[in-house]
Structures are given as structure tokens and as C-alpha cells.
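Structure record follows, encoded as C-alpha cells.
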Amino acid sequence: MKFVCKAVADVAFIVDSSGSIGRRNWVKMLQFLKDMVKAFNVGPDKTHIAVVAYSTGLNSSLHLTDSEVVK
Numbered sequence: 008m009k010f011v012c013k014a015v016a017d018v019a020f021i022v023d024s025s026g027s028i029g030r031r032n033w034v035k036m037l038q039f040l041k042d043m044v045k046a047f048n049v050g051p052d053k054t055h056i057a058v059v060a061y062s063t064g065l066n067s068s069l070h071l072t073d074s075e076v077v078k
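With the numbering used here applied, the sequence shown corresponds to residues 8 to 78, in that order.
Here it is, written out as C-alpha cells:
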């Protein structure tokens with residue numbers, strides 16, 4: 008997939024990681040997130056991505072300031 012969105016933005020995904028979502032749906036959700044991230048031109052001076060997973064608490068998995076690109 009090529010970049011679809013050329014705008015520079017801060018994008019945050021909030022993800023339910025509780026057991027109620029089920030393993031099969033978790034895999035589908037992760038694939039959806041990967042596909043969404045690929046649509047943006049991610050980088051230090053470009054779009055920033057954050058992922059926050061929640062269950063009984065919060066887990067900030069990927070911060071807006073991280074320089075690694077999700078693959």
C-alpha cells in the first residue's frame with residue numbers, strides 16, 4: 008500500500024486488549040492497525056503514531072515521539 012494521506016498529523020489509536028475481544032479479533036485488529044499506519048507517511052518530521060492498549064489498565068505501546076516505524 009502506498010501512502011494515501013500526505014498530511015502531517017498526530018494520530019492515536021486506542022485499542023481494547025482485554026480477553027473479551029478474543030484472539031481471532033485481536034489478530035484482525037492488529038492487521039487493521041498495520042494497514043492504517045501504512046497509509047500515513049510516518050517519521051520524525053512527518054506523521055506521528057501512538058497506540059494505547061487498555062484492559063484493566065493502560066499500556067502505552069507506541070508513543071507519538073518514537074522514531075521507529077511500525078512494520
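Ideal Cβ placement from N, Cα and C applies to all residues, glycine included.
Here VAL11 is exposed: its Cβ has fewer than 16 other Cβ atoms, across all protein chains shown, within 10 Å. Taking C-beta separations shorter than 8 Å and ignoring five residues to either side along the sequence, the partners of ILE28 in its chain run MET36, following chain order. The closest CA to that of MET43, considering only SER24, GLY26, TYR61 and ALA57, is found on ALA57. Buried is the label assigned to THR54, since at least 16 other Cβ atoms lie within 10 Å of its Cβ. In this model, PRO51 and ILE21 are separated by some 21 Å (Cα to Cα).
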